[in-house]
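Reviewing the structure listed below.
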Amino acid sequence: MAASCWPASGFYREKKRNCSARTAIFDGGMMKNKEGEVANRPDNTAFTQQRLPAWQPMLSAGIVIPGFLVIGLVFIGIGVALFLGSQSIQVLESDYTGLNSNTPCYECSDASKKNCTCSIEFTLTKQFDGPVFLYYGLSNFFQNHRKYGVSRDYYQLSGDTAYFKNPSDSCSPYIYDSGVPIVPCGAAANSMFNDSFRLYQLVGGTKKPVPLDGKGISWWTDYNIVFRNPPLVNGSLAAAFNGTAKPVNWAKPAYELDTSDPSNNGFMNEDFLVWMRRAALPDFRKLYRRITQGDYAAGLPVGNYSLEISYNYPVIGFGGRKKIVLSNVSWMGGKNMFLGVAYLVIGSLCIVMSLVMLIVYAKYKFPEGDS
Amino acid sequence: MLGTPILGQFGPFLFAAPFKLHQVGWCSAILRSLQSARRQGRRYLYTLNTAGLKTTKFGLSLECTVADNCIVTSKYNIITFLPVNLFEQFQEVANTYFLFLLILQLIPQISSLSWFTTIVPLVLVLSITAVKDATDDYFRHKSDNQVNNRQSQVLQNEKWMNVRVGDIIKLENNQFVAADLLLLSSTEPHGLCYIETAELDGETNMKVRQSLSVTSELGDPDKLAQFDGEVVCEPPNNKLDRFSGTLYWRDCKYPLSNQNMLLRGCVLRNTESCYGLVIFAGPDTKLMQNSGCTKFKRTSIDRLMNTLVLWIFGFLVCMGVILAIGNAVWERKAGSLFQNFLPWDPSVNNFLFSAFLSFWSYVIILNTVVPISLYVSVEVIRLGHSYFINWDRKMYCSHSNTAAEVRTTTLNEELGQVEYIFSDKTGTLTQNIMSFNKCSINGHAYGTCTMQKNKDFSSWNPLADGGLCFYDGSLLEAVKTGDLVAHEFFRLLSLCHTVMSEEKTEGALVYKAQSPDEGALVTAARNFGFVFCSRTPGTVTVHELGRPVTYTLLAILDFNNIRKRMSVIVRNPEGRIRLYCKGADTVLFDRLHPCNHELMNITTNHLNEYASDGLRTLALAYRDLTEDEWEEWAELYRGAGRTVDFREDRLAAAYEEIEQDMMLLGATAIEDKLQEGVPETIAILSLANIKIWVLTGDKQETAVNIGYSCKMLTDDMTEIFIINGHTVQGVREELRDAMKEEETQGLGKACSLGNGFSEKPKNPTSPTSLLESISGEFALVISGHSLAHALEADMEYEFVETVSVCKAVICCRVTPLQKALVIELIKRHKKAVTLAIGDGANDVSMIKTAHIGVGISGQEGIQAVLASDYSFAQFRFLQRLLLVHGRWSYLRMCRFLCYFFYKNFAFTMVHFWFGFFCGFSAQTVYDQYFITLYNIVYTSLPVLAMGIFDQDVPEQRSLEYPKLYEPGQLNLLFNKREFFICITQGIYTSVVLFFVPYSVLSHATQSNGIALADYQTFAVTTATALVIVVSVQIALDTGYWTAINHFFVWGSLGSYFTILFVLHSDILFSLFPQQFNFLGSAQNTLKQPVVWLTIALATVICIAPVLAFRFLKVELKPQLSDTVHTGSHRSGYAFAHQEGFGELITSGKNMRLSSLALATFFKEKDSTEMRG
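Here it is in structure tokens:
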């Protein structure tokens, strides 16, 4: 049985010679083809060989040190401009919450008092350059609270009457007032600021009213695109609001917000628009009026003034504060000391840094005793 | 018998019908009565389970699973794809987490963000993954179909997938074997058939399989149809070279071995046709068992990332808790009083519940610290790096037409951290191309002057093979002049082997040898006029100096690792019987006739010479046998062959009997040439502080010689320890001696500490420890049997201690399992990244065990390649894979992760600060669309481009300065410390990004007097500042600005502004006023100079410190890459110095010199640092 000892055996290890390219098809689907000598050779492109032309920036001293110096100088320059610009802006600010008994509005701060008015008197010893802006400010008022922010219905505010009957759920809990849909619904509208101000110049014992301009105090896009009154019904805005309730806290319905100017009513009331633009932070200011007309177009002249406030808005209950601000602006807006100072500080730090780097660099570039 | 075959109806192969009645499953283990089975007239297969019990594996019990031959590697079909794929994807923790967030967002009380902020990225991520899965599966379907639909002849022409266990299959020449078959009969005499196993183990030579003699007569279909044997066999397993089973037939039992099996994937060659009984089908076949699931490998960065993500979740919860407490306090102190304007939700009527909800709301908002895009981006980057490796022309071998191939795309950055390389020798370091180099015949050495060019043998021998690189005129002369010993020498070489010959065309002989050594020997004999022509089972035909001579082959005394020799017994035409033996000198010299003493001494000298040249040697001898001796021994031999138990042992004893008193003829020396560039590669890799171990099955001398020739070992080494003990005690002693020696050199301790970075993380780059580990040069050589002891639990620590001081370690005579164990040991004790490189089936275990497995393709089949993570054709490509691709991958991945965590912390933490100013109400700072798009549009591409294309130094530099590789090994670029630095930078940025706009905008007005402090302006300002700051930061981080980087960075900024203006446009508002209520914010805000001044201020405050810090770091504590990169910046000293040093390495000169050069370099570097 010679055949039974017909083995396939190997010496050393089971290794063998195979110089040619493998051509095998595998169960696993692995395939190598043999079209020509170099079928599998990868393409010689800059991309595949990672030789793409490239710019290799380096943090060399020649760039970094002068860079810091330039940034520092530029920042200091801007800082000086900002600082001076800010210095020139005049601001007059007064808290009228009336917490202390010696403040003018103390009387009115009692929430039970209705239709209370108080007045703040002040004296300008220096011309207040125009245009002058009148702001009201609130503190500790969380217009930026998430729930406050969503509590409005943009469909309704864009005049879509379908949402007059069924306001959005996001307005909760100010959707219905005893079953009647509230328009405008939601906490944002409901909490609208409703103090009003009148400014008088006291000229020899008489009160000379300073004309306050309420036009154009809201964002152009808000006034022209976002907010729309519903289509008038029989030429009447009031009729368009038929079947709706006013927000709970409001004294008057939306179509009667401004009795003096019929076009400034409903959702197109600019005070309403200003209020509806949420503040980012709990302390905020909103523009109330501009002083741009009549004798005061160039600013408020030296003299005594009285600001008459009709005090309606309760803030003491939640620890809030109200204030009134008179201010003018420069090219970069209102008074903003922080920006100028920050630019100056950062600019100086950059220059200091560039000096430090220069010293370090010099020390390493030319070590003592080294050729 | 069921279903008597109806011949003619289906063609000639109908007999298999009964087999189709039952299939094997592997579930049941109930012993069934053979008799009852027989009564049913059915045939069964029986198997031996692992416990050795005889059990039926199928049978009548229908509950058993059926193994048909259909192979399904695909996972989905069109209908199941969506549900199954989604199910799989949601098994990923990250995806489930985001689904959970999505559900949270649908609860109105909690929802601080719209649902789409989560669902858009989630859907994006899921669909990218799904597309990838679908493509993969499509290709699997294609290959499945191709394989399953191959034709096979069973009952009638059947597709492969319909073949069942128990079927009898007819195979024809050049067909693939469809399943694991028991060979029943063949058209060739004696039931032989030839197969090629290339698909299985990559070996392309032919192998012989033989059927049992009892079944070999079953030549025709009728007889086969009557075949009712039963097979008891082992359960399916993945051992390709082993099969044990027994055939019960006609009340006799016949042992079955691998010799009787045809495995799936083989190809039938040189055989007209054969019949086989299907034993294992489909997934049970050895081929499929071998392709079993590979262990999923993860990189250390992966593991670190997972830890960090967990930490971040912890951080997230902490933030949530802090903000929830804040919410509780606020609601109680302020919120309750503020109810006049903002009443509490009726369902949320107390501050604690509100705090609880606020916690979840903040979890939703802050979840962007771990963006869903992280994992996808990481995968994309790795895929990019994989393509770069595939595309690398410098890793393409034109000789074998193979490009480098990345088989596991998820490991690339680990290539930059390798500390240990475990290399196979044969075929990896060497070419595995054997060339007959020298020989010693009858005490005369030939081939000493190898300078001669290949001479053409064909002038006198038309059958010569031109490929042989050996020529010695005097030897040729000796053969021509009729030196009888020389004739006998070559006659032995032409007779004593197992090579198969194939005459492709007239006169063109092709040898198919199982081992390249044999091929080389037979080819040498061929060129010297002893041309092996053909063989049959009983004869060997040799053209001896042009004259055909046919020898009767009486017996082959086969080779194995214990015998280390093989013999043949032949009868020449004159009737003389002679035994020819070749084998290892140590074994053979013991069995020589005493009269050979003198010749033996001379030959031994020659052998020693050869061995010291790193050649593989064999001694050759013969013995004349008389007819009586032969008859006597043949009886013994037949007796041994017939036994069933201990057959191997008894055969060995019989062989031993006859292989005595032999006459020495001489010795051969075969060279296994080193691959191109091996010494240089090893030198560069060891300069990169990578330790190289060679694990080989070769004997010690050969391994040590190779060690010298590839410059792993040098004569200048302080000490080369050789551990060769056979007992536990002996090995321990030797290890202790080695340790002591190391310590007396005064370096041992310091080195062992400095080597594993995990053990001494505090001072990982300490130049002194590095210096020492370089200057103290030890090497260790350990043999397989000593290694077995050294790997035992009580000694392994000692072993690790000893070897960690050694620069080079060579383990010889190791088994594949030991290779894996050694790697396991280092992985366990060193926490270092290991890489295994090999080319053969015996390297598979170590390739699978190591962190990274590299397969050398092209030489030895594809077993190793299939198991590997990377494959290429030449060992020298390893330096490019590690030092260029690995290094870049690591660098890029680290930079990517640092930036990624930074940008998300900068982005998200702004919400945290804002929480303190909005009543902890989970109000977001940004527009919800910005939150949705930030990670997937505005910031994803620049960082991806950096992660894919960045380069700190050009590729030539990383090869010139192997030390650049070190940060990866020491884990310096991304670790917990670096992570904290990035998130600190991120948090710092978020503070700046919140408080600068806060301070500027709170009372700012526009130049027309309108207040600028509204929420939308604030949101747009912060978001714009953020996008600009992170863009500037990525611009700083990007070291290599290609056009793509420019496009992505500027494109991202551009897309931000474009999308911003679109989202804030009238059109979208008029369609969806509730959703796009930021109308006009972009236009209003971005025309304010104050806003731009704010953004500029924030940018400078965020970036300037980083810039200054980086500049000073480069100045005060430069990394090697900075020095290399900037080059001339620092007096150019290191640069000039390194130039010469690079040349030293490539010149392949002494390693010692180069390491000295390196030491000087470090001293210099050190002293420059000291000056700081």
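Chains A and B are the protein sequences, given in the same order.
Quick note: the first sequence uses full-length UniProt numbering, first residue 1, plus one each step.
Quick note: the second sequence uses full-length UniProt numbering, first residue 1, plus one each step.
Just so you know, even glycine gets a beta-carbon here, dropped at the ideal spot from N, CA and C.
Computed from a predicted model, the values in this text were never measured in an experiment.
A straight-line Cα-Cα distance of about 14 Å links B:Arg591 and B:Asp624. Taken through DSSP and simplified to helix, strand or coil, B:Glu656 comes out as helix. Secondary structure of B:His141 (DSSP, three-state): helix. Taking all protein chains in view, the Cβ of B:Trp1050 is surrounded by fewer than 16 other Cβ atoms within 10 Å, so the residue is classified as exposed. Residue pairing of B:Lys438 in beta bridges, as defined by DSSP: B:Ala669. At a cut-off of 8 Å between beta carbons, B:Gln956 makes no contact with chain A.
Within the stretch 257–291 of chain A, the runs of beta strand (DSSP E) that reach at least 3 residues and sit entirely inside it are, in chain order, 284–291.
Uninterrupted beta strand (DSSP E) stretches at least 3 residues long and entirely within the stretch 211–242 of chain B occur at 230–233, given in chain order. Shown in chain order are the members of the stretch 107–140 of chain A whose Cβ falls below 8 Å from a Cβ of chain B: Pro131, Phe133, Tyr135 and Asn140. For A:Lys207, the pairing in a beta bridge is given by DSSP as A:Leu202. When the beta-carbon positions are compared, B:Gln675 and B:Arg876 come within less than 8 Å of each other. Each residue's CA atom was taken as its position, placing B:Leu122 and B:Lys831 some 35 Å apart. For B:Phe341, the nearest beta carbon of chain A is closer than 8 Å to its own beta carbon. A distance of 8 Å or more separates the beta carbons of B:Asn904 and B:Asp672. Assignment of alpha helix (DSSP H) within the UniProt domain "P-type ATPase N-terminal" (67–119) of chain B, counting only whole runs of 4 or more residues, yields 78–90 and 93–105 in chain order. Residue state for A:Tyr135 is assigned as strand, using DSSP reduced to three classes. Per DSSP, B:Met566 is one residue of the beta strand (DSSP E) stretching across Arg565 to Arg571. Excluding its 5 nearest sequence neighbours in each direction, B:Val910 has C-beta neighbours in its own chain below 7 Å: Val925, Ser990, Leu993, Phe994 and Thr1022, listed in chain order. Take the alpha-carbon of A:Gln201 and the one of A:Tyr311: they are about 20 Å apart. B:Glu544 is positioned such that its CB atom lies no closer than 8 Å to that of B:Phe528. The alpha-carbon of B:Val1000 is positioned some 20 Å away from that of B:Ala1104. Contact note: A:Asn44 reaches chain B through Arg393, using a C-beta cutoff of 9 Å and chain order. Where B:Trp249 is concerned, the enclosing beta strand (DSSP E) starts and stops at Ser244 to Trp249. With three or more CB-CB distances shorter than 8 Å, the stretch 220–230 of chain A counts as touching the stretch 1080–1088 of chain B. Between A:Asn336 and the set B:Ala788, B:His1003 and B:Cys710, the nearest pair of CA atoms involves B:His1003. Within chain B, the residues placing a beta-carbon under 8 Å from that of A:Gly319 are Ala334 and Leu337, ordered along the chain. The distance from the Cβ of B:Trp344 to that of B:Phe920 is about 14 Å, inconsistent with a contact at the 8 Å cut-off. Fewer than three Cβ pairs drawn from the stretch 568–581 of chain B and the stretch 641–652 of chain B lie within less than 8 Å of each other, which leaves the two stretches out of contact.
Between the alpha carbons of A:Ser260 and A:Leu134 lies a distance of about 20 Å. Among the residues facing chain A, B:Trp1041 is included, as its CB has a counterpart in that chain under 8 Å away. Residue state for B:Val380 is assigned as helix, using DSSP reduced to three classes. At a cut-off of 8 Å between C-beta atoms, B:Gly1080 counts as an interface residue with respect to chain A.
Chain-order list of chain A residues neighbouring B:Ala1013: Ala279, Ala280, Leu281, Phe284 and Arg285, by C-beta distance under 8 Å. Going by DSSP, B:Ile720 is part of no alpha helix (DSSP H) but of the beta strand (DSSP E) stretching over Glu719 to Ile723.
For B:Asp1066, the chain A residues whose Cβ falls inside 7 Å of its Cβ are Ile225, in order along the chain.
Counting only Cβ-Cβ distances below 7 Å, A:Ala342 has contacts in chain B at Leu1097, in chain order.
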